[in-house]
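Numbering (UniProt numbering), first residue to last: 1 to 344.
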Amino acid sequence: MRVRSFEAFFILLAIWLCVMFFKRSWNIRQIRYIKSNDSCMCKSNRSSISYDFCYTDPQNTSIIGKKFDCSLLDTLENLNLLGETKEVFSLSNLIQNENDLIFASATSDDHFNFSMDSFHSIRKYYPNHTYILYGLGLSEYYINSLPDNLEFRQFNTSGYPSFVNTWMHYNFKPLILAELLRENPVVWWIDSHLVTIKPNIIRNMYDDISTNRLNSNYSSIVSSVLAFHSNFAVLNTDVLGYFPTNSMELLKRQRQAGANNIFVPRTSYTMKIFKWWVLCALTDDCMSPPGSTTLCEYTSDNFNNSANCFRYDQSILNILLLNDFQDSDKFFSSNLENSFYRPL
């Protein structure tokens, strides 16, 4: 009986080794196919420089996402997100002068009253800082109601795909932020439904950065809001085709950081993230994979169970940052969590 047991063991071991060999061989062939036969490079007509348009998981460089369309390269160049046009600054220099920071937001007709409450709450503490409000098809009636001490810009989508005009898919946010970073070194984006309730938010952010976040272990993009659910709970897994992750458990374990309140300085790391965030915003089935909805069905476990919904720009940004840092505390500041209020 013992001899037969050993024979059975070695037969099973041989079968397992064969399966692993063929699985590994298939994976290698797949990776080689992506790298050689389906090149990830896109060549600029302006500079003749080639850029990688396939995202690679930083924790496992053998895992490569689908290639973005090379036709999007011109838009990235126009936004100064690539190559030598990508002027960047060190984070330590950017936090030296509070006046260099601008506040920004966007609103549509149905969010106008909320956006005005948000704006006035900023003006209470920062009466002179530049505040730029983008209109998402804002009507003349509301434009004529705007206060004088802000800069209004109607978001011009003519240079972007038509689906960008579907505001509830949030393609607009990465694109507007990229436009703002093209001309401003530091932007603090605050969604129209958030009200600032405490003073010194810039100083508190800069103090946190100078004390804790000036090394490469932390993201230069910093959120001030943390959701009550994980990234997995609000994930449409189709997006992993573009931005693969090496750990679904990590997506279940980490709380999602809000993209509704983010500090965005023009550093080299920020521009690296924005390249992918903007490419996704310009690709319909990336920012809005089929079946996506903001209507969530939360359960008693908002970490391990899917809520059958998607957070669009926020989900994408979190995947990119979490893939790099493996810890949401690296891009979330608890120092400012109680400085804002959401009346909705």
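Cβ atoms here follow ideal geometry from the backbone N, Cα and C, with glycine treated the same way.
Contacts around residue i, its chain only, beta-carbon distance under 6 Å, and the 5 residues preceding and following it disregarded
{"i": "Y206", "result": "I95"}
{"i": "C54", "result": "C40, I64, G65 and K67"}
{"i": "D329", "result": "none"}
{"i": "T56", "result": "I64"}
{"i": "F112", "result": "Y142"}
{"i": "T299", "result": "N305"}
Rounded distance between the beta-carbons of residue j and residue i, thought under 8 Å
{"i": "F310", "j": "N261", "result": "Not quite, the Cβ-Cβ distance comes to about 19 Å (not below 8 Å), so this is no contact."}
{"i": "N171", "j": "F163", "result": "7 Å"}
{"i": "Y142", "j": "D109", "result": "6 Å"}
{"i": "F303", "j": "S247", "result": "About 14 Å separates the two Cβ atoms, so there is no contact after all."}
{"i": "V234", "j": "C286", "result": "About 16 Å; that fails the 8 Å criterion."}
{"i": "Y131", "j": "A106", "result": "With 8 Å as the limit, Y131 and A106 do not qualify as a contact, their Cβ atoms being about 12 Å apart."}
{"i": "L214", "j": "S92", "result": "6 Å"}
Residue i versus the options, residue with shortest Cα-Cα distance
{"i": "Q326", "options": "Y218, D313, D109 and V88", "result": "Y218"}
{"i": "D191", "options": "A281, M116, N231 and N165", "result": "M116"}
{"i": "N99", "options": "P58, N113, F119 and Y126", "result": "Y126"}
{"i": "F103", "options": "P161, R255, V195 and T75", "result": "V195"}
{"i": "S333", "options": "S315, V264 and R182", "result": "V264"}
{"i": "L73", "options": "E87, C280 and I209", "result": "C280"}
{"i": "A313", "options": "S328, N305, S292 and S300", "result": "Note that residue 313 is Asp in the sequence shown here, rather than Ala. Considering only alpha carbons, the answer is S292."}
{"i": "M271", "options": "S44, L76 and K43", "result": "L76"}
{"i": "I176", "options": "L136, P289, F232 and V88", "result": "L136"}
{"i": "P174", "options": "H129, K124 and K275", "result": "K275"}
{"i": "I49", "options": "L138, S71 and G83", "result": "G83"}
{"i": "D69", "options": "L282, S315 and N318", "result": "L282"}
{"i": "W277", "options": "F114, S139 and F243", "result": "F243"}
{"i": "I209", "options": "N78, S90 and L295", "result": "S90"}
{"i": "P289", "options": "A178, H169 and A259", "result": "H169"}
Cβ-based neighbour list, residue i, same chain, cut-off 7 Å, excluding 5 preceding and 5 following
{"i": "F331", "result": "S219, I221, V222, S223, A257, L321 and F325"}
Cutoff 8 Å; reference residue i; Cβ partners in own chain excluding five residues on either side
{"i": "E297", "result": "A307, N308 and C309"}
{"i": "F119", "result": "S105, Y131, L133, P147 and L150"}
{"i": "S315", "result": "N231, V234, L235, N236, V239 and Q256"}
{"i": "P343", "result": "F114, D117, H193 and V195"}
- When the Cβ atoms of the stretch 193-202 are set against those of the stretch 331-340, are three or more pairs found closer than 8 Å? The stretch 193-202, when compared against the stretch 331-340, does touch it at the 8 Å Cβ threshold.
- Does the stretch 137-154 come close enough to the stretch 207-226 that 3 or more CB-CB pairs lie under 8 Å? Taking 8 Å as the limit for Cβ pairs, the verdict is that the stretch 137-154 does not touch the stretch 207-226.
- Query: If you scan the stretch 141-188 from start to end, which runs of the beta strand (DSSP E) of 3 or more residues do you find wholly inside it?
  - Reply: Fully enclosed beta strand (DSSP E) runs of 3 or longer: 151-154.
- Message: Quick check for students: name the residue ranges of the alpha helix (DSSP H) that lie wholly in the stretch 248-293, counting only runs of 4 or more.
- Response: Runs of the alpha helix (DSSP H) inside the stretch 248-293: 248-253, 268-281 and 284-287.
- Unbroken stretches of the alpha helix (DSSP H), 4 residues or longer, contained in the stretch 189-226: Those alpha helix (DSSP H) runs which fall completely within the stretch 189-226 and span 4+ residues are 201-212.
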